[in-house]
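Each residue of the sequence shown is one higher than the last, beginning at 9 in our numbering.
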Amino acid sequence: MLIKETFPIAEVRVPAKRKKTLDADKVIEIAEDILENGQLTPIRLRAGKTGFVLIEGYHRLEALRALGEDTIEGYLVRAQLH
């Protein structure tokens, strides 16, 4: 079972391939929802060499960053080797 934790946004790295998928309108929409309801869905991260690597939740991460937040709720998962 995954345990929800709080992570420093500054320590979360977004893979370059993921950065190309950012939709600014979606970030604004999510930021507005977070202001009204809080962060309801945690992101998923894995441990990196330094800090954490984003697996899922890029728009939520950017919405909280845009709101000036320092932390984000998420789940730390182990990387799966294929």
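Just so it is clear, CB atoms sit at the ideal spot from N, CA and C, and this is done for glycine as well. Fair warning: this is a prediction, and the values are worked out from it, not measured in the lab.
Residue i - partner residues in DSSP beta bridges
i, result
"residue 58", "Paired residues: none, contrary to the question."
"residue 82", "13, 51"
"residue 37", "According to DSSP, residue 37 bridges with nothing at all."
"residue 64", "52"
Residue i in three-state terms, based on DSSP
i, result
"residue 22", "coil"
"residue 12", "strand"
"residue 77", "coil"
Beta-carbon proximity list for residue i, same chain, < 6 Å, skipping 5 on both sides
i, result
"residue 61", "21, 54"
Chain D within 8 Å of residue i, Cβ atoms only
i, result
"residue 29", "Among the chains in the structure shown there is no chain D, since it carries only a single protein chain."
Contact set for residue i: own chain, Cβ-Cβ below 7 Å, skip 5 residues either direction
i, result
"residue 16", "78, 79"
"residue 42", "71, 72, 75"
Beta-carbon proximity list for residue i, same chain, < 8 Å, skipping 5 on both sides
i, result
"residue 83", "10, 11, 12, 13, 50, 51, 52, 53"
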